[in-house]
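Please read the structure below before turning to the comments.
2 protein chains.
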Amino acid sequence: MKRTGEMSKSSPSAVSGRAQQLLKLLVERYIREGQPIGSRTLARGLGMDLSPASIRNVMADLEDMGLIKAPHTSAGRIPTVQGYRLFVDSLLTVKPLEQCEVHALRDKFGQTADPQQVLVTASSLLSEVSSMAGVIMVPRREQATVRQVEFVSLSDNRVLVVLVLSGHEVQNRVIHTSRRYSPSELTQAANYLNHALSGKDFNKVRDALLNEMRETQENINQLMMAAIEMANRTFQGAEEGGDYVLAGQTNLMAYAEMADIERLRLLFEAFNRKRDILHLLDQSLHAQGVQIFIGEESGYEVLDSCSVVTSPYEVEGEVVGVLGVIGPTRMAYDRLIPLVDVTARLLGAALNQTQ
Amino acid sequence: MKRTGEMSKSSPSAVSGRAQQLLKLLVERYIREGQPIGSRTLARGLGMDLSPASIRNVMADLEDMGLIKAPHTSAGRIPTVQGYRLFVDSLLTVKPLEQCEVHALRDKFGQTADPQQVLVTASSLLSEVSSMAGVIMVPRREQATVRQVEFVSLSDNRVLVVLVLSGHEVQNRVIHTSRRYSPSELTQAANYLNHALSGKDFNKVRDALLNEMRETQENINQLMMAAIEMANRTFQGAEEGGDYVLAGQTNLMAYAEMADIERLRLLFEAFNRKRDILHLLDQSLHAQGVQIFIGEESGYEVLDSCSVVTSPYEVEGEVVGVLGVIGPTRMAYDRLIPLVDVTARLLGAALNQTQ
DNA sequence: GTTTAGCACTCCTTCTATATGAGTGCTAAC
DNA sequence: GTTAGCACTCATATAGAAGGAGTGCTAAAC
Chain A
1 MKRTGEMSKS SPSAVSGRAQ QLLKLLVERY IREGQPIGSR TLARGLGMDL
51 SPASIRNVMA DLEDMGLIKA PHTSAGRIPT VQGYRLFVDS LLTVKPLEQC
101 EVHALRDKFG QTADPQQVLV TASSLLSEVS SMAGVIMVPR REQATVRQVE
151 FVSLSDNRVL VVLVLSGHEV QNRVIHTSRR YSPSELTQAA NYLNHALSGK
201 DFNKVRDALL NEMRETQENI NQLMMAAIEM ANRTFQGAEE GGDYVLAGQT
251 NLMAYAEMAD IERLRLLFEA FNRKRDILHL LDQSLHAQGV QIFIGEESGY
301 EVLDSCSVVT SPYEVEGEVV GVLGVIGPTR MAYDRLIPLV DVTARLLGAA
351 LNQTQ
Chain B
1001 MKRTGEMSKS SPSAVSGRAQ QLLKLLVERY IREGQPIGSR TLARGLGMDL
1051 SPASIRNVMA DLEDMGLIKA PHTSAGRIPT VQGYRLFVDS LLTVKPLEQC
1101 EVHALRDKFG QTADPQQVLV TASSLLSEVS SMAGVIMVPR REQATVRQVE
1151 FVSLSDNRVL VVLVLSGHEV QNRVIHTSRR YSPSELTQAA NYLNHALSGK
1201 DFNKVRDALL NEMRETQENI NQLMMAAIEM ANRTFQGAEE GGDYVLAGQT
1251 NLMAYAEMAD IERLRLLFEA FNRKRDILHL LDQSLHAQGV QIFIGEESGY
1301 EVLDSCSVVT SPYEVEGEVV GVLGVIGPTR MAYDRLIPLV DVTARLLGAA
1351 LNQTQ
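Residue numbers (this note's numbering), protein chains in the order written: chain A, 1 to 355; chain B, 1001 to 1355.
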């Protein structure tokens, strides 16, 4: 599934000032209109007085450098991946969000308190504002620690096990026990576990704890085993690469460049499978600021006609996840970059408050 | 969005034996091959020796009755919604699942213990076996009661509120309190609430409780208010029509009859919106056994080219939800009906065990 | 009365030919 | 270095013709 990118066939050498200006105009225009741009159109759009013929010369150079290409002989040119890359890296003039837009976003964030809900809100927001798909990695539990364990007695022989994890995530499960436990037994078991587990790296103390329990053979073991097994499963899941929240898949179906339903199906299946997308997001985890994968750059075939704009987000000064938007290669990078950037900050801030 | 169905234009009168036999063959064949069936093909498939011309006469009758139609003058015939309806109601010979298939399904169910997880498994199962979309309404909390409330003290001024609801669902949320509460205060508050709430219909006691609290003005109110607010939100959510788990959307993208990407987009958006689909599923809640909505019968435009096969499922002898598959009108009803039926039973059984 | 062969007719599909037009690359002149 | 001119390419659109699947109708056969 993963592939290595190919490089431009010609020298990626210095591009003359005018050629750059032209490329910029071409990419901007193509992003706006979605159709191959011809020399005549470009000549009109350009400020200076240059004939289409001159433009054609420059365009031929750009094509040699692998920055633009013609879908067929008598069409205009469209940017290649390398063209987009150069555009994004050195030609792009970003359009910062308006103050009111930022405020609108901030307001939306303000409304929700539940951490999980914040992620859902944020991904919906990303997808709505961008008209593409918004994706947010759920925050990684940086160190695998259990903060607190509680046992709550229910009716019959059922006990509710509550695990409070680092990062204030709470997990619970009802277990059926072989006998009824008194409240004091439950407290005792909880105290024991809390003392043994709290603050320590779970993976390190787990085995010691299990051994100890095997020796003492206490019959409240059943409860503790359940708790440990729960924690185990949780942390194992986390190690296996985490999870993400996705919104606005359907937005992608409205783009003409996504019309191939079979390709789209494969993309959606990749979304469901999650693995590939997570790997991609992981790559941005330790980048600072916004990162962009254009077309085949991502290395995943299903994303060949897509670009992904990502940004890591921080909670309490530490990067805990990545968020981004996914859409057709022909996307409004100038608007999306600040959008993703701002959303990452807002999400971090919102998650800080729920801690 | 909701519409009323139109009826057949001609008399839905008695259909002769041979005509029925022919219709059956036609529908079966069309479901298998997906292309309009002509008189010649039908004559060959039919056991008895009849010339295409004779068949044509019968087909003309069937068309007059609104049971089949021709996409255009010189194509064969395809079933109309009414044709499918008659087929499903009185002509269909269901293909019960093989014993080994049933066992395979049962095995899959056996593996999961968490109720929420069971729903996910079951919907995936439905979608995989049917190669269409599988949908499962989450079990309805029949009466809105809170079984138990617990407060767990966390570090700082944070308290974890745990709500155990009827149906063994557990909800939790961390709240920030204005001051630190002692363990005995927490127990006291929990006891108070448990006494007031447990087993009673929440909506009935809520207001009385709130009034009482306003009078006593105890400052542990903050905790109790939070708990009540949580319960309120939960039950309100339940009253607003519940929720469902969906799997295998992408399967639908592989069908030729779903090739229109814009229609598909609208369908997927309806899936996200949930409301319409929930309304539809609700209609099957009090039907006994499998129910089928063919094409426009559902009354929702987005489902015009789809059929939905549903069945309610029971926990402890009481219907708590509906499950089903959604796919193109041209679906293998004979296989799907038993599949949905069996899955409903298995789901009920699996949920019984997790109680 | 039912069945069937025959036949004209419809209309989708495919193929071919042709025109149109947008846009190019190249050359030669400015 | 720039540009006008021109031949060339190729996607797109349109029209006509051939082919074929399937129908409806009529009249004859059973």
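Even for Gly, the Cβ is constructed at its ideal location relative to N, Cα and C. Because the structure is a prediction, the values reported are computed rather than measured.
Check, Outcome
"Euclidean distance between Cα positions of K274 (chain A) and Q1020 (chain B)", "49 Å"
"Span separating the alpha-carbon of Q1116 (chain B) from that of A1350 (chain B)", "11 Å"
"Whole alpha helix (DSSP H) elements within the region 1017-1087 of chain B, 4-residue minimum", "1017-1033, 1039-1045, 1052-1064 and 1081-1086"
"Sequence-distant residues of its chain with Cβ nearer than 7 Å to N1251 (chain B) (five each side left out)", "S1127, S1131, M1132 and A1133"
"Local conformation of D341 (chain A) per DSSP, three classes", "helix"
"Helix, strand or coil at Y1244 (chain B) according to DSSP, with G and I counted as helix", "strand"
"Residue-chain proximity (P1012 (chain B), chain A), Cβ-Cβ < 8 Å", "Any reading at P1012 (chain B) needs caution, since the residue's pLDDT is 44, under 50, leaving its predicted position unreliable; the model's value is listed next. No, P1012 (chain B) lies away from the interface with chain A (no Cβ there is under 8 Å from its Cβ)."
"C-alpha distance - S10 (chain A) paired with S298 (chain A), whole-angstrom precision", "Its pLDDT being 42, under 50, S10 (chain A) is placed unreliably by the model, and the measurement read from it follows with that caveat. So the alpha carbons of these two residues sit roughly 22 Å apart."
"Among A:F293, A:Y192 and A:C306, nearest to R85 (chain A) - alpha-carbon criterion", "A:F293"
"Residues that Q148 (chain A) contacts on chain B, provided the C-beta gap is smaller than 7 Å", "L1154"
"Sequence-distant residues of the same chain with beta carbon closer than 6 Å to A344 (chain A), five excluded per side", "S311, Y313 and L323"
"Under 8 Å between C-beta atoms of S123 (chain A) and A247 (chain A)", "yes"
"Cβ-based contacts, 7 Å cut-off: residues of the region 220-239 of chain A near chain B", "none"
"Completely contained beta strand (DSSP E) runs for the region 247-305 of chain A, where each covers 3 or more residues", "291-294"
"Closest Cα partner of E316 (chain A) within the set A:L42, A:F151 and A:G348", "A:G348"
"Proximal residues of chain A, C-beta to C-beta of F1268 (chain B) below 8 Å", "Q249, T250 and M253"
"CA-to-CA distance, R180 (chain A) to Q1249 (chain B), given in whole angstroms", "45 Å"
"Residues that M1137 (chain B) bridges to, as DSSP identifies them", "B:Y1244"
"Any C-beta of chain B under 8 Å from that of D114 (chain A)", "yes"
"Closer than 7 Å: R147 (chain A) CB and nearest the ligand MG heavy atom", "For the ligand MG, the structure offers nothing, since it holds no ligand at all."
"Unbroken beta strand (DSSP E) run spanning V1174 (chain B), endpoints", "V1170 to H1176"
"Proximal residues, the region 164-194 of chain A versus chain B, C-beta separation under 8 Å", "V164, H168, V170, N172, R173 and V174"
"Integer Cβ distance of L105 (chain A) from L346 (chain A), believed to fall under 8 Å", "6 Å"
"Beta carbon proximity, R1345 (chain B) to chain A, threshold 8 Å", "no"
"Simplified DSSP assignment, three categories, for T328 (chain A)", "Correcting the residue type first, residue 328 (chain A) is Pro in the shown sequence and not Thr. In this structure, P328 (chain A) counts as strand in the three-state DSSP scheme."
"Nearest candidate by alpha-carbon position, reference Q1171 (chain B), set B:E1150, B:C1306, B:V1319 and B:D1156", "B:E1150"
"Bridge partner(s) assigned by DSSP for Y1313 (chain B)", "B:G1321"
"Run of the alpha helix (DSSP H) containing V1129 (chain B), from where it starts to where it stops", "P1115 to S1130"
"The region 1044-1064 of chain B contacting the region 1089-1096 of chain B, beta-carbon criterion three pairs below 8 Å", "no"
"Counterpart residues of L201 (chain A) in DSSP-defined beta bridges", "Checking the sequence shown, residue 201 (chain A) turns out to be Asp, not Leu. In DSSP, D201 (chain A) forms a bridge with A:T145."
"Contact under 8 Å by Cβ, T193 (chain A) with M213 (chain A)", "According to the sequence as given, residue 193 (chain A) is Leu; it is not Thr. It is not a contact, given that the beta carbons lie outside the stated cut-off."
"Nearest-angstrom beta carbon gap, T1177 (chain B) and N1157 (chain B) [assumed within contact, 8 Å]", "5 Å"
"Strand pairing of V1094 (chain B), partner residues [DSSP]", "DSSP, once it has assigned bridges, lists no residue as partnering V1094 (chain B)."
"Sub-8 Å separation of G1083 (chain B) and L1023 (chain B) beta-carbons", "yes"
"Contacts around N1221 (chain B), its chain only, beta-carbon distance under 8 Å, and the 5 residues preceding and following it disregarded", "M1213"
"Inter-residue spacing [alpha-carbon to alpha-carbon] between A1208 (chain B) and E318 (chain A)", "46 Å"
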